[in-house]
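One structure is given here, and the rest of the page talks about it.
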Amino acid sequence: MKSTLYLKFVIVYIIFGFLSLFTIATLGSGLVSDPLTANTGSSVHQEANIIATNYLPQYFYGNITLNDVHLQLSGIESHLNAACWFVDRNGKVLTSASSGDFPSAPTRIANFDPAEIGNNQYEVSDYHGYFNEDVLTVIAPVNSNYTSQGYLIIHKDLSSVSETQHYLLNAAYTCFLVIYILSFMILLAFQFFVYRPLSKITEAAKQYASGNLDYEIPVNTEDEMGYLSASLNYMSSQLRDMEDYQKKFVANVSHDFRSPLTSIKGYVEAMADGTIPPELQGKYLKIILFETERLTDLTHDLLTLNEFDTEHLLLDKVSFDIHEIIKNVAASFEGRCTQKKISIELLFATKHLYIFADKRKIQQVLYNLIDNAIKFSDQDSSITIETTERGDKVYTSVKDYGIGIPRNALNKIWERFYKTDLSRGKDKKGTGLGLAIVKEAIQAHGENINVISTEGVGTEFIFSLPKSSETSK
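As structure tokens, this is what we get:
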């Protein structure tokens, strides 16, 4: 399927060629024929008027005979390759001259009307049926004593127009074929110098997306494609150093362990040596328990994130009803919701809605999002969880009406250990890893999660998951 785009381009190119030839063959004939006919008609009209004005009037003055006229018409016939008729005002043919290709002139032209051409210089027809095919006819009046005594009628064969049209169209076809071949050479150059390197880069992107960071792009040209390939190869080598990054990550978060461990050690030592009297030990044991729970949560979240970093391809995907999972996770917060007088509203368009994903990780995503929503919601508020189907995707929304997220923090909430200033006062126990885990889990499925939040109004998280082949019920 790599060459699908290029194949489509080639098909379009071939279709364009055929359409261009078809256009030249259909439109070109008319576009060339009409101007050629007009040019020929104008030329014959000019010749006819010169003879009818300067020579033929002499016949009516008695200065020349019909033989003289016939001789003149023969010269015109030979020059123009046309049939020439000299007629009186009633349409009687006085004399004529024509080659063997034309039929003999009639004795009298039936229904003769010298004004039938009108304001045009010529007409194209079989001229009252006297010719077997259309000819170009010009009628020029012969005036004597300021009246039309007769007419010179010239019938021009259109074969010369057809021959000229044929030559011009052949020239057009030749030019088109040359341009088409040159453009095809450009297409081949595009194939070798652009498309093939780009296909290799695209293949590399797919390999990197699937986790194969050892793939090397075999493009070594000294151009932009070569530079892009070298950049991607460098990127893959950097990604292979992820293990070093994990070590640095653990070193950077060690301070989050140090504070609770120091507190636990100090209180335990104080109770052991009697610094804290027995009657106060209960109070400090609760503090130790709180710090221990912080360490447990932090350790669990770090292990979860490490799982996504190293084993994100090992998802245990199954088909399951996301509505059932949402109901179960929401029910687990019943105690906290009752304590804060928070209601959870479920908006489902169908009774069942099946998705194809890792059930355990989606449970954790929902747990973290609902936990955040409850944590940052005010007393006597509500949380809305809604699912919608769009094509082959299922979108799940978790919306609260709490304190919201500051605009300058929206792009940072996915960072590990990040806490907004507003959350620090409310969330003493949080690790700052919940949303990072959510994003890692959704991205591990090849999907996306977005957040919409207004400070003081509320926050909505929306994530997508692939719909299962099982239908909704």
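Those letters in the sequence shown? Residues 8 to 480, per the working numbering, in order.
All C-beta atoms, glycine included, are put in the ideal place defined by N, C-alpha and C.
Predicted, not measured: the structure shown is a model, and the values here were computed from it.
Hey, out of 326, 119 and 397, whose CA is closest to residue 356's CA?
Nearest of 326, 119 and 397 to residue 356, Cα basis: 397.
Given a cut-off of 8 Å, decide if residue 411 and residue 454 are closer than it, judged by their beta-carbon atoms.
Their beta carbons are not under 8 Å apart, which means residue 454 does not touch residue 411 by this criterion.
Quick check: the Cα distance between residue 446 and residue 421, rounded to an integer number of angstroms?
Taking the straight line from one Cα to the other gives about 7 Å.
Give the straight-line distance between the Cα atoms of residue 434 and residue 382, rounded to the nearest whole angstrom.
In this prediction, residue 434 scores a pLDDT of 47, lower than 50, which makes its location untrustworthy; the coordinate-derived value is nonetheless stated afterwards. Going from the Cα of residue 434 to the Cα of residue 382 covers about 7 Å.
Within 7 Å: the Cβ of residue 370 and any heavy atom of the ligand FMN?
With respect to small molecules bound, the structure shown includes none, and the ligand FMN cannot be examined in it.
In three-state terms, what does DSSP make of residue 360?
The answer is coil: DSSP assigns residue 360 none of H, G, I, E or B.
Consult DSSP for residue 407 and reduce its assignment to one of helix, strand or coil.
In this structure, residue 407 counts as strand in the three-state DSSP scheme.
How many Å lie between residue 280 and residue 274 at the Cα?
Computed Cα separation, rounded: 10 Å.
In the DSSP assignment, what are the bridge partners of residue 155?
Looking at the DSSP assignment, residue 155 forms a beta bridge with 150.
Work out the CA separation of residue 46 and residue 33 for me, nearest whole Å.
In a straight line, the C-alpha of residue 33 is about 21 Å away from that of residue 46.
Can you check DSSP and say which residues form a bridge with residue 440?
BP columns for residue 440 are empty, so no partner.
What would DSSP say about residue 216, mapped onto helix, strand or coil?
Reduced to three states, the DSSP call for residue 216 is helix.
Grab me the residues of residue 318's own chain with a C-beta within less than 8 Å of its C-beta, minus the 5 sequence neighbours each way, in chain order.
Note that residue 318 has pLDDT 48, beneath the 50 cutoff, so the model's placement of it is unreliable and the number below is only indicative. Within the same chain, residue 318 has no close Cβ partners at all.
Going by DSSP, name the residue or residues bridged to residue 145.
Paired residues: 161.
Which same chain residues, not among the five before or five after residue 20, have their C-beta less than 7 Å away from its C-beta?
Closer than 7 Å at Cβ, skipping near neighbours: 194.
Can you check which of these residues, 440, 234, 277 and 172, is closest to residue 483 by C-alpha distance?
Residue numbering for the chain in the displayed model covers 8 to 480; residue 483 lies beyond these limits and cannot be assessed.
Below 8 Å between beta carbons: does that hold for residue 360 and residue 329?
Yes, they are a contact pair.
Could you tell me whether the region 137-147 touches the region 107-127, where touching means 3 or more Cβ pairs closer than 8 Å?
The region 137-147 vs the region 107-127: in contact.
Using 8 Å as the cut-off, can you tell me whether the region 77-96 makes contact with the region 53-67, which would need three or more C-beta pairs spanning the two stretches below that distance?
These segments touch.
Note down the Cα distance separating residue 296 from residue 343, rounded to an integer number of angstroms.
For residue 296 and residue 343, the distance between alpha carbons rounds to 19 Å.
Got a sec, what are the start and stop residues for the beta strand (DSSP E) residue 474 sits in?
From DSSP, residue 474 is part of no beta strand (DSSP E); its letter is neither H nor E.
Does the beta-carbon of residue 475 have 16 or more other beta-carbons within 10 angstroms, so that it is buried, or is it exposed?
So residue 475 counts as buried.
Pick helix, strand or coil for residue 328, following the three-state DSSP scheme.
The answer is strand: DSSP assigns residue 328 an E or B state.
Quick one, which of 113, 117 and 150 has its alpha-carbon nearest residue 58's?
Of the candidates 113, 117 and 150, the one whose C-alpha sits nearest the C-alpha of residue 58 is 150.
DSSP on residue 45, reduced to helix/strand/coil?
Reduced to three states, the DSSP call for residue 45 is helix.
Check residue 334 in the structure and name its three-state DSSP category.
Residue 334: helix per DSSP, three-state reduction.
How many Å lie between residue 271 and residue 384 at the Cα?
So the alpha carbons of these two residues sit roughly 31 Å apart.
Is residue 117 helix, strand or coil when you go by DSSP?
If DSSP states are grouped into helix, strand and coil, residue 117 belongs with coil.
Just how far apart, CA to CA, sit residue 408 and residue 325?
The alpha-carbon atoms of residue 408 and residue 325 are separated by roughly 33 Å.
Relative to the C-alpha of residue 18, which candidate in 191, 417, 391 and 375 has its C-alpha closest?
Of 191, 417, 391 and 375, the residue nearest in Cα terms is 191.
With a threshold of 16 other CB atoms inside 10 Å of the CB of residue 374, please say whether the residue is buried or exposed.
By the neighbour-count rule (16 or more Cβ atoms within 10 Å), residue 374 is buried.
If we count the other Cβ atoms within 10 Å of its Cβ and call it buried at 16 or more, is residue 227 buried or exposed?
Classification for residue 227: exposed.
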